[in-house]
Amino acid sequence: MNNTRCVALVGPFLSGKTSLMESFLSASGAIKRKGSVKDGTSVGDSAVEARSRNMSTEVSVAEMNYLGDDWAVLDCPGSIELMQEAINALSVADVAVVVVEPSVSRAASAAPIFRALEFGNVPHMVYINKVDTVTDPMPEVLAAIRDASGMPNLMRNFPVTNEETVTGYVDLTSLRTYSYVEGQESREVEFPSQLKDEIDLSREEFLEALSNFDDGILELLLEDQVPKIEEIYAKAAGAMRDCQVVPYYFGSAERNFGVRRILKALRHDAPEPERRAEALGFNPEGEPTVQVFKTLYAQHSGKLSYARVWSGEIADGQTLGGSRISSIQLMTGGQSRKVSNAKFGDVVGLGRLEEVRTGHVLRADSGEPDSSGTDSGLSAVYSVAITPADRKDEVKLTTCLQRLIEEDPSLGYNQNEDTHELVLTGQGTVHLQIALEKLKSKFNVEASARQPNVPYRETIRGKVTQHGRFKRQTGGHGMFGDVTVDIVPRPRGSGFEFTNKIVGGAIPRQYIPAVEAGVREFAAEGPLGFPVVDFGITLTDGQFHSVDSNEMSFKLAARVAMTDGMPKCSPVLLEPIDKVTIDVPTDHTSKVHGLISGRRGQILGYEAKEGWKGWDSLHAYLPESEIHDLIIELRSLTQGLGTFTAEFDHFQELVGRQADEVVAKRAEQKKEQRNN
Ligand SMILES: Nc1nc2c(ncn2[C@@H]2O[C@H](COP(=O)(O)OP(=O)(O)O)[C@@H](O)[C@H]2O)c(=O)[nH]1
Ligand SMILES: [Mg+2]
Numbered sequence: 311m312n313n314t315r316c317v318a319l320v321g322p323f324l325s326g327k328t329s330l331m332e333s334f335l336s337a338s339g340a341i342k343r344k345g346s347v348k349d350g351t352s353v354g355d356s357a358v359e360a361r362s363r364n365m366s367t368e369v370s371v372a373e374m375n376y377l378g379d380d381w382a383v384l385d386c387p388g389s390i391e392l393m394q395e396a397i398n399a400l401s402v403a404d405v406a407v408v409v410v411e412p413s414v415s416r417a418a419s420a421a422p423i424f425r426a427l428e429f430g431n432v433p434h435m436v437y438i439n440k441v442d443t444v445t446d447p448m449p450e451v452l453a454a455i456r457d458a459s460g461m462p463n464l465m466r467n468f469p470v471t472n473e474e475t476v477t478g479y480v481d482l483t484s485l486r487t488y489s490y491v492e493g494q495e496s497r498e499v500e501f502p503s504q505l506k507d508e509i510d511l512s513r514e515e516f517l518e519a520l521s522n523f524d525d526g527i528l529e530l531l532l533e534d535q536v537p538k539i540e541e542i543y544a545k546a547a548g549a550m551r552d553c554q555v556v557p558y559y560f561g562s563a564e565r566n567f568g569v570r571r572i573l574k575a576l577r578h579d580a581p582e583p584e585r586r587a588e589a590l591g592f593n594p595e596g597e598p599t600v601q602v603f604k605t606l607y608a609q610h611s612g613k614l615s616y617a618r619v620w621s622g623e624i625a626d627g628q629t630l631g632g633s634r635i636s637s638i639q640l641m642t643g644g645q646s647r648k649v650s651n652a653k654f655g656d657v658v659g660l661g662r663l664e665e666v667r668t669g670h671v672l673r674a675d676s677g678e679p680d681s682s683g684t685d686s687g688l689s690a691v692y693s694v695a696i697t698p699a700d701r702k703d704e705v706k707l708t709t710c711l712q713r714l715i716e717e718d719p720s721l722g723y724n725q726n727e728d729t730h731e732l733v734l735t736g737q738g739t740v741h742l743q744i745a746l747e748k749l750k751s752k753f754n755v756e757a758s759a760r761q762p763n764v765p766y767r768e769t770i771r772g773k774v775t776q777h778g779r780f781k782r783q784t785g786g787h788g789m790f791g792d793v794t795v796d797i798v799p800r801p802r803g804s805g806f807e808f809t810n811k812i813v814g815g816a817i818p819r820q821y822i823p824a825v826e827a828g829v830r831e832f833a834a835e836g837p838l839g840f841p842v843v844d845f846g847i848t849l850t851d852g853q854f855h856s857v858d859s860n861e862m863s864f865k866l867a868a869r870v871a872m873t874d875g876m877p878k879c880s881p882v883l884l885e886p887i888d889k890v891t892i893d894v895p896t897d898h899t900s901k902v903h904g905l906i907s908g909r910r911g912q913i914l915g916y917e918a919k920e921g922w923k924g925w926d927s928l929h930a931y932l933p934e935s936e937i938h939d940l941i942i943e944l945r946s947l948t949q950g951l952g953t954f955t956a957e958f959d960h961f962q963e964l965v966g967r968q969a970d971e972v973v974a975k976r977a978e979q980k981k982e983q984r985n986n
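No gaps in the numbering here: position 633 of the sequence shown is 943 in the numbering used here, and each next residue is one more.
Structure, rendered in structure tokens:
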């Protein structure tokens, strides 16, 4: 019996991956009635978030048997913001099909997934979908896809068209001609002799392209001989498996055009699971080993870890990586069926592995999950501050977020100590919206999101000597404290310093710490509404009362001095400046210069990105307030490819209209807080 093979369907949003999976399943007989994305009846996209948006929000898994081979099909989301799911799925796939539209303007949006395939060393082929609606000339479409791919391609078929659309194809290897039949297998028809010259030319190009990877073919061509059909098939398959070349096919997923063609290409050309296992360092015949590529919390059935078996055979109830498997399931979309065993190559759902996360490798002979090969997840490029609709849910919210992060390592959260906000981080607006929807649908926690506050600070530019007194003498025990302080600015980054210069007991020693505490309390929120930093206080004089003075009186006297003195010291806003590194393909480097200066940034330099051919890394200082939506502009300038990391570097004075706006907004916020 053959081992289960695994194909991932990837490509831009809306290109037709979920439709192609549906066609695969119906062509192979795995489902009796073909559903559709439009009607919400496809096997893929069974998650509520996916159905409500009409887009794939997570990987869907389905099993099928085609001509005797078992396959696991992984339908990946296309949105750039959900790329982590696709990357995780690719890490266990033997091969990928990149589904693209026959559109010159849309081709570029496939670039990010092509990069992921290149980095992951995943052999892949292209399926140009929707040829029933093709409007752009095919040669231009091919050139645009090749640009996005950056790899040489092999056009395996010649498109036969009527005036409007593609109606069939000529296989450039066998020279057999097929005509599409809606919803059925294509019919072999007579060779279109009126197109012979064009077809001959395409075949020559195809063989020439192949000869770049094969000396045998090259020699034959140089001697004006035609290679044998079997040899062409074998060499083309070999070059694809070695990631040297990308074969291109076309068709229509919705109308079942060219679907069996791609299924057969997968059957003949995709590497066997052993090959991928060995490339990843697994021994197919070793101890039972699985790799988790997806984690799912379902509201009723609990946690499910999707895994591929890379070695040996696993059984229900067995312990893997220290956790006992509570069930093994084979999945097709939202449906699953329990099985007692799974063997090398299989893609299965494993029940209730509580300690296990996406990316973990689990071995029968090891007491804990192996996370050594696990990437930490794409770094965060977008964030929102979130608040639970119901205060009672505050604790539950963070536990549920932790679960969502187990599902999706490109998601994160942190409690910002400066702004006191709970910040959810991820890949973009849609990604974070989906996370909030999942909180609701899976855990019944509702939360709202808004743009996070920037942790501004303030400091002073001038100095003053200030007297402050707190006095209360109403009946009983009174209160009395009196201080004189020098308030002075200190160099940027040097923090706060308190000096006591009281001599001769003008204030008894035990009250001095209370003065400092009063200043610190005040400094938590200065005249502009932000924490005050980089200033010094020298306590020079004071008075006390033998009965009424106590610690509280001196603390309050210090606050009076600060409240009166600080505004006289020319307070100034400080904004946080981050050091950012922006990675983009070299063609886009000059555009990024404009982006940085447009956002009040300062370029520090750039260099070729190490290990990334054709990419630059640019370094710059950028105000944190300009980073919130940076990724949106960066992606639109770079075909979705650009990405960045940012880290706080220093504070810098902010003056003028921008500063006024920040202070006004803060005052507004405080008013709201008081009213709540
Ligand atoms: N005309 C045409 N539309 C298609 C074809 N395949 C998919 N679509 C439509 O394209 C849209 C996106 O399809 P879907 O499979 O969800 O794309 P995905 O985002 O790549 O999974 C849907 O409205 C489909 O009905 C096709 O072959 N021809
Ligand atoms: Mg989809």
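All C-beta atoms, glycine included, are put in the ideal place defined by N, C-alpha and C. Keep in mind it's a predicted model, so treat the numbers as computed, not measured.
| Taking the alpha-carbon positions, what's the ASN467 to GLY622 distance? | Annotation: ASN467 to GLY622 spans about 39 Å, alpha carbon to alpha carbon.
| field | ALA625 vs VAL600 beta-carbon contact at 7 Å | value | Result no, Cβ atoms of ALA625 and VAL600 do not sit closer than 7 Å.
| Exposed or buried, which one is GLY568 when buried takes at least 16 other CB atoms within 10 Å? | Around the beta carbon of GLY568, a 10 Å sphere encloses 16 or more other beta carbons of the protein chains shown; the residue is thus reported as buried.
| query | Would you call the CB atoms of PHE516 and MET465 closer than 7 Å? | reply | Going by beta carbons, PHE516 and MET465 fall inside the 7 Å limit.
| Cross-strand partners of HIS434 (DSSP beta bridge) | Its beta-bridge partners are ALA406.
| request: Quickly, what does DSSP pair SER646 with across the bridge? List them, please. | output: SER646 is bridged to MET641.
| said: DSSP three-state label for ARG465, please. | reply: Reading off the sequence shown, one finds Met at residue 465, where the question assumed Arg. Here MET465 carries a strand assignment [DSSP, helix/strand/coil].
| message | Shorter than 6 Å, the distance from the beta carbon of SER356 to the closest heavy atom of ligand 2, or not? | response | For ligand 2, not one heavy atom lies less than 6 Å from the Cβ of SER356.
| request: Specify the secondary structure class of VAL829 as computed by DSSP and reduced to three states. | output: For VAL829, the secondary structure class from DSSP, reduced to helix, strand or coil, is helix.
| task | Could you have a look at HIS578 and say whether DSSP puts it in helix, strand or coil? | result | In this structure, HIS578 counts as helix in the three-state DSSP scheme.
| Close-in-space but distant-in-sequence residues of the same chain around THR899 (CB under 6 Å, 5 per side omitted) | Excluding sequence positions up to five before and after THR899, its CB lies within less than 6 Å of the CB of ASP926, all in the same chain and listed in chain order.
| query | Any idea if LYS752 is buried or exposed, counting beta-carbon neighbours within 10 angstroms, 16 or more meaning buried? | reply | Buried, because 16 or more other Cβ atoms sit within 10 Å of the Cβ of LYS752.
| query | Taking the alpha carbon of ALA868 as the point to measure from, which residue in GLU826, ARG486, ASP939 has its own alpha carbon closest? | reply | Of the residues GLU826, ARG486, ASP939, the one whose Cα lies closest to the Cα of ALA868 is GLU826.
| message | Measuring only from the beta carbon, is LEU252 closer than 6 Å to any heavy atom that is part of ligand 1? | response | Because the chain spans 311 through 986 in this model, residue 252 falls outside it and cannot be assessed.
| request: Just mark ARG771 as buried or exposed, buried being the case when its beta carbon has 16 or more other beta carbons within 10 Å. | output: For ARG771, the number of other beta carbons within 10 angstroms of its own is below 16, and it is reported as exposed.
| task | Quick one: give me the first and last residue of the beta strand (DSSP E) that TYR607 is part of. | result | For TYR607, the enclosing beta strand (DSSP E) starts and ends at 599-608.
| said: Distance check for SER681 and GLY627, CA to CA, integer angstroms please. | reply: Using only the alpha carbons, I get a separation of about 22 Å.
| request: Would you mind reading off the limits of the beta strand (DSSP E) that contains PRO765? | output: From DSSP, PRO765 is part of no beta strand (DSSP E); its letter is neither H nor E.
| task | Just the C-alpha distance for MET872 and GLN776, rounded to the nearest angstrom, thanks. | result | Distance between the alpha carbons of MET872 and GLN776: 8 Å.
| message | Only counting the same chain, and skipping five residues up and downstream in sequence, which positions put a Cβ closer than 6 Å to that of THR729? | response | Answer for THR729: ASN763, PRO765, listed in chain order.
| said: Is ASN467 close to ligand 1? I mean its beta-carbon at under 6 Å from any heavy atom of the ligand. | reply: Result no, Cβ not under 6 Å from ligand 1.
| Is the beta carbon of LYS348 within less than 6 Å of some heavy atom of ligand 1? | True, at least one ligand heavy atom lies under 6 Å from that Cβ.
| Whether VAL476 touches HIS434 by CB criterion (7 Å) | No. Outside cutoff.
| query | Is any heavy atom of ligand 2 found at a distance shorter than 6 Å from the C-beta of THR328? | reply | If you check the C-beta of THR328 against ligand 2, you find a heavy atom less than 6 Å away.
| For ASP675 and chain C, any beta-carbon pair shorter than 7 Å? | In the structure shown, chain C does not exist; there is a single protein chain.
| task | Using beta-carbon positions only, say whether SER496 and TYR490 come within less than 7 Å of one another. | result | Taking 7 Å as the cut-off, the beta carbon of SER496 is found closer than this to the beta carbon of TYR490.
| message | For ILE744, report the span of its alpha helix (DSSP H) as first-last. | response | Residues 739-753.
| said: Considering only the alpha carbon of each residue, which of ALA563, ASP579, GLU541 lies closest to PRO557? | reply: Nearest Cα to PRO557 within the set ALA563, ASP579, GLU541: ASP579.
| Beta-carbon proximity check, VAL671 vs SER615, cutoff 7 Å | Their beta carbons are not under 7 Å apart, which means VAL671 does not touch SER615 by this criterion.
| task | Select from ALA652, CYS386, VAL499 the residue whose C-alpha is nearest the C-alpha of GLY643. | result | Comparing Cα-Cα distances from GLY643 to each of ALA652, CYS386, VAL499, the minimum goes to CYS386.
| request: Please indicate yes or no: does the CB of ASN439 lie closer than 6 Å to some heavy atom of ligand 1? | output: For ligand 1, at least one heavy atom lies less than 6 Å from the Cβ of ASN439.
| request: Just the C-alpha distance for LEU732 and ARG830, rounded to the nearest angstrom, thanks. | output: Taking the CA atoms as reference points, LEU732 sits about 25 Å from ARG830.
| task | Sort PRO877, GLY875, LYS919 by Cα distance to ILE892 and report the nearest one. | result | Sorting PRO877, GLY875, LYS919 by C-alpha distance to the C-alpha of ILE892 places LYS919 at the top.
| message | Only counting the same chain, and skipping five residues up and downstream in sequence, which positions put a Cβ closer than 7 Å to that of GLY989? | response | Not covered by the structure: residue 989. The range shown for the chain is 311 to 986.
| What first and last residue would you give for the alpha helix (DSSP H) that runs through ASN985? | It spans 967-985 - the alpha helix (DSSP H) in which ASN985 sits, taken as one unbroken run.
| Among residues of its own chain, excluding the 5 on either side of GLN761, which ones have a beta-carbon nearer than 8 Å to its beta-carbon? | Hits under 8 Å: VAL694, ALA695, HIS938.
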